[in-house]
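Note that the sequence shown covers residues 992 to 1280 in our numbering. Each residue gets a CB set at the ideal place from its N, CA and C atoms; glycine is no exception. Source: prediction; values computed, not measured.
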Amino acid sequence: MAWRRPGHFDEQHHVALYGATFLIGVVSVLLSVQRERAQRHLIRANSVAEALQRTLLRPVPPRIGHVRAAAYYTAGEGGTLVGGDLYDVCETPFGVRAIIGDVRGKGVNAVQAVAAVLGGFRVSAHEWKDLPLLADRLELSIDRNVTRTTVDDPELFVTALVLELDQDTVRIMDRGHPPPIAVGPHGARILATAPALPLGLKDLSPAPGLTTLHRLPPGEVLVLYTDGISEARNCDGDFYPVLERLTEHFRGTQRTDPEAVVAFLETDTRNWSAASEADDQAVLAMALI
């Protein structure tokens, strides 16, 4: 049996220990560098996304012509600033016009669709008198500017409401979107529409959609929203009852304004769906002055 010098094993052990410590240190440094690079990349990506969101979804001014307005938006995916919901309001020769929409798609195509619809609306709303023709221009903008791929989103489309507010009336063009709600001291009521196919599906039905006309009395607020609001679920799986909650909260109030409606829906839906994953949510509220 070979004789080993006392301490021989200990020396080998120390060498191995020092080597392992050195390797761990090197790996830690490399991981730290990689983590810092990833954080810088994330910061840059978030900055780009935030700039993109601010460009696409401009802040809604509190007053546009003879209309007071307020809006709320949040993207559903964690950490994502740019989602698939859209809205805008502008003053045109035909009255104040507004749009709210929801892109049914994902990824780059969805962002392209948001940009195409909003870009088309901001130009065509000033040029086309009839809402069905305006909707057709939005359809054309999607065709020209959205790259469709069978791998990514073969069935991308956009549900939307296009509206025109003039004096004491609102004219509505519905392209497959949840109908608007009028909120006032009496409570809340749904404004009936004539739904047509969503934007992006014109090949299925080339027939133009129909508009509906409603009176909007003083003191009422017109509420437009995406299905991230109406389909928010609580812990029991129940959908958020938009009409009932608005009626319960605002019935009997002396004065209802767009800011109050938006603030209520933002807080109430967040509390309702606190235990579940949220979808993109957008609310646009308007009232005639």
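Can you find the residues in the same chain that come closer than 7 angstroms, C-beta to C-beta, to residue i, ignoring five residues on each side of it along the sequence?
i       : result
Val1174 : Glu1211, Val1212, Val1214, Leu1237, Phe1241, Thr1247 and Val1252
Arg1128 : Gly1111, Ser1115 and Trp1119
Phe1148 : Arg1095, Pro1189, Leu1190, Gly1191 and Leu1192
To the nearest angstrom, how far is it from the Cα of residue i to the Cα of residue j?
i       : j       : result
Arg1166 : Gly1243 : 33 angstroms
Lys1120 : Met1164 : 13 angstroms
Thr1083 : His1117 : 5 angstroms
Asn1100 : Asn1136 : 10 angstroms
Pro1171 : Val1233 : 11 angstroms
Asp1227 : Gly1178 : 26 angstroms
Leu1188 : Ala1107 : 18 angstroms
Ser1264 : Asp1270 : 10 angstroms
Pro1053 : Leu1279 : 12 angstroms
By the three-class DSSP mapping on this structure, what secondary structure does residue i have?
i       : result
Ala1036 : Confidence at Ala1036 is low in this model, with a pLDDT of 46, below 50, so its placement is unreliable and the value that follows should be read with caution. Note: Ala1036 maps to helix in three-state DSSP.
Glu1239 : helix
Thr1203 : strand
Ile1280 : coil
Asn1262 : helix
Gly1086 : strand
Arg1224 : strand
Gln1103 : helix
Gly1110 : helix
Give me whichever residues DSSP pairs with residue i in a beta bridge.
i       : result
Leu1275 : Ala1062 and Leu1215
Tyr1078 : Ile1091
Arg1054 : Arg1059
Phe1230 : Arg1224
Which residues in the same chain as residue i place their Cβ atom closer than 6 angstroms to its Cβ, once the five residues preceding and following it in sequence are excluded?
i       : result
Ala1276 : Ala1061, Val1212, Val1214, Pro1249, Val1252 and Val1253
Leu1168 : Per the sequence shown, residue 1168 should be read as His rather than Leu. Once the five neighbours on either side are set aside, the close Cβ partners of His1168 are Thr1150, Ala1151 and Leu1152.
Thr1260 : Ile1220, Ala1223 and Tyr1231
Val1274 : Tyr1063, Tyr1216, Val1253 and Leu1256
Ala957  : One cannot answer for residue 957 here, as it falls past the ends of the chain, which runs 992 to 1280.
Once the 5 residues before and after residue i are set aside, which same chain residues still bring their CB inside 8 angstroms of it?
i       : result
Glu1130 : Leu1190, Gly1191 and Lys1193
Ser1209 : Per the sequence shown, the amino acid found at residue 1209 is Pro instead of Ser. Only Asp1159 and Leu1279 meet the Cβ criterion.
Give a yes or no on whether 8 angstroms exceeds the smallest Cβ distance from residue i to chain B.
i       : result
Asp1271 : Note that chain B does not occur in the displayed structure, where there is just one protein chain.
Whole beta strand (DSSP E) runs in the stretch 1118-1163 with 3 or more residues, listed along the chain? 1148-1157
3-residue-minimum beta strand (DSSP E) runs that sit fully inside the stretch 1163-1195, ordered along the chain: 1172-1175 and 1178-1181
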